[in-house]
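Worksheet: the structure to be examined is printed underneath.
See below:
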C-alpha cells in the first residue's frame, strides 16, 4: 500500500510545529507544510478541517491526527509507523 499524504498546518515560529517536523523527519516521512502565518484563508481552512484553532494541525491521509502531542502519543504507542505506511 502506498504511503499516505501528510499535511501539516503550521507557522515558522511555533515550538510545537518544530517538534512535529522533527518527529516526521526522524521517521523519514515526507509531508506538505501549509503555512497559516498571515494567511487568514489558510487558517480558516485549517479550522474548518480540524475544528481547532491552534497549530500544528496534522493530517495523515484523510485522518486528522491533531497536534504535536497527539503525533508524539501515536509514536509512543507504536501506532504512528503503521499510519505512515498506510496500513
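In the numbering used here, the protein residues as written are 2 to 88. The beta-carbon is built from N, C-alpha and C at its ideal position, and this holds for glycine as well.
Can you find the residues in the same chain that come closer than 7 Å, C-beta to C-beta, to residue i, ignoring five residues on each side of it along the sequence?
{"i": "residue 5", "result": "61, 62, 87"}
Looking at residue j and residue i, is the spacing between their C-beta atoms short of 8 Å?
{"i": "residue 59", "j": "residue 67", "result": "yes"}
{"i": "residue 36", "j": "residue 55", "result": "no"}
{"i": "residue 32", "j": "residue 48", "result": "no"}
{"i": "residue 65", "j": "residue 50", "result": "yes"}
Using DSSP bridges, identify the partner residues of residue i.
{"i": "residue 34", "result": "9"}
Kindly list the residues whose CB is nearer than 6 Å to the CB of residue i, restricted to its own chain and excluding five residues on each side of it in sequence; keep chain order.
{"i": "residue 84", "result": "61"}
By the 10 Å Cβ neighbour count, where 16 or more other Cβ atoms means buried, how is residue i classified, buried or exposed?
{"i": "residue 21", "result": "buried"}
{"i": "residue 41", "result": "exposed"}
Excluding the five sequence neighbours on either side, which residues of its own chain have a C-beta within less than 8 Å of the C-beta of residue i, listed in chain order?
{"i": "residue 43", "result": "10, 35, 36, 37"}
Can you tell me which of the options puts its alpha carbon nearest to the alpha carbon of residue i?
{"i": "residue 82", "options": "57, 14, 25", "result": "25"}
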